[in-house]
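Engineer: My structure is below; once you've seen it, I'll send some questions.
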Amino acid sequence: MLSFYDIVGFSDHPANLSSADRLLGIGIIAAICLLAYFLLKKIVFPLVKRFTEKTDATWDDHLFNSRVLNLAAYLLPALLAYMFVPMLFSDHPMTVTVIDKAFLLLIVAISTRLVCAFISSFQIISSESELLRKRPLTGIYQTFKILVVCVGIILAISILLNREPSTILAGLGASAAVLMLVFKDSIMGLVAGIQINYYDILRPGDWMILEKRGANGLVTAVTLNFVKVQNWDNSVTTIPTHALI
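Residue 318 is where the sequence shown starts when you use the numbering used here, and the numbers rise one by one after that.
Okay, structure coming up:
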């Protein structure tokens, strides 16, 4: 069976590779990654776009939009580099550790953005649905994005510190009181936004009067952090969501 070193043209063990051989190996891996990116970007994804455009449904056009496909095109080369580059330095454990962490952080960052892009696609799909269009779902989608970003941050910290994610979560739990005190207003807004969206208390298109906040007009946006109201005189008032609960 051919090993990785045979594939890239080396028959020696990594310990016997010269610096020039390692640089050549990195160049070959970079070429493979670029080829994978080119194949996805210029061949596979245009076929996907052409297929989605031919269907009568519009949800697939939004789900596989340019942003999602671009991020997916970055993810495959990052995975290939993570798999192959450390093999060239397997005789240097410290170097392998640094390379592994660097590529893992890159993969986590791309994956986090990719999942958030999918969530944005679902938000657009729901905004075009007759059933869901008038539902205040913006806050719910924002909540999902926040959770995804939090997971990404926890994974990144665990990679940097070489700790299990559960250990990081336990540490955050121990400092929860301090975090709640520092981010009290943000947490109150988040909770209020979730309640407004979950119980369908307020929707875009509702008429809202809140004299102490100077609001008397049509609700134009309901998010986790604020509610935007276009008043009868065309002025715009922004109200924190926690002020409504």
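Backbone N, C-alpha and C fix where the C-beta goes; we use that ideal spot for every residue, glycine too.
What residues match up with isoleucine 511 in a beta bridge as DSSP calls it?
Structural biologist: Answer is none; isoleucine 511 lacks a bridge partner.
Engineer: Quick one, which of Pro557, Asn533, Asn542 has its alpha-carbon nearest tryptophan 549's?
Structural biologist: For tryptophan 549, the nearest C-alpha among the options comes from Asn533.
Engineer: Considering only their Cβ atoms, is the gap separating glutamate 445 from isoleucine 375 smaller than 9 angstroms?
Structural biologist: It is worth fixing the name first, because residue 375 is threonine in this sequence and not isoleucine. Result yes, Cβ atoms of threonine 375 and glutamate 445 sit closer than 9 angstroms.
Engineer: Determine the burial state of valine 415: buried for a count of at least 16 other Cβ atoms within 10 Å of its Cβ, exposed for fewer.
Structural biologist: Per the 10 Å Cβ criterion, exposed.
Engineer: Are the CB atoms of isoleucine 471 and isoleucine 485 nearer to each other than 9 angstroms?
Structural biologist: Taking 9 angstroms as the Cβ cut-off, isoleucine 471 and isoleucine 485 qualify as a contacting pair.
Engineer: With distance defined between alpha-carbon atoms, name the residue in Arg530, Val402, Leu454 nearest to tyrosine 516.
Structural biologist: Closest by alpha carbon: Leu454.
Engineer: Below 8 angstroms on the Cβ atoms is my contact criterion, and I expect proline 557 with alanine 538 to pass it. Report the Cβ-Cβ distance as a whole number of Å.
Structural biologist: That belief does not hold up - the Cβ atoms of proline 557 and alanine 538 are roughly 13 angstroms apart, past 8 angstroms.
Engineer: Straight-line CA distance for leucine 477 to isoleucine 513?
Structural biologist: Roughly 38 angstroms separates the two Cα atoms.
Engineer: If you measure from the beta carbon of aspartate 517 to each beta carbon in chain D, is any gap under 9 angstroms?
Structural biologist: As a matter of chain content, chain D is missing from the structure shown, which is built from one protein chain.
Engineer: Taking all protein chains shown into account, decide if threonine 555 is buried (16 or more other Cβ within 10 angstroms of its Cβ) or exposed.
Structural biologist: Classification of threonine 555: exposed, given that the 10 Å Cβ count is below 16.
Engineer: Using alpha carbons as the reference points, say which of Ala390, Ala426, Val544, Leu535 lies closest to glycine 506.
Structural biologist: Nearest of Ala390, Ala426, Val544, Leu535 to glycine 506, Cα basis: Val544.
Engineer: So what does DSSP say about isoleucine 562, is it helix, strand or coil?
Structural biologist: Isoleucine 562: coil per DSSP, three-state reduction.
Engineer: How many Å lie between leucine 397 and aspartate 378 at the Cα?
Structural biologist: Roughly 28 angstroms between the two C-alpha positions.
Engineer: Taking all protein chains shown into account, decide if alanine 390 is buried (16 or more other Cβ within 10 angstroms of its Cβ) or exposed.
Structural biologist: Buried, since its Cβ has 16 or more Cβ neighbours within 10 Å.
Engineer: Which residue marks the beginning of the beta strand (DSSP E) containing tryptophan 524, and which one marks its end?
Structural biologist: Unbroken beta strand (DSSP E) run through tryptophan 524: 524-527.
Engineer: Would you decide whether proline 363 is buried or exposed? Buried here means 16 or more other CB atoms lie within 10 Å of its CB.
Structural biologist: With fewer than 16 other Cβ atoms within 10 Å, it is exposed.
Engineer: Can you tell me which of Asp417, Pro403, Ile427, Ala419 puts its alpha carbon nearest to the alpha carbon of leucine 393?
Structural biologist: Of the listed residues, the one whose Cα sits closest to leucine 393 is Ile427.
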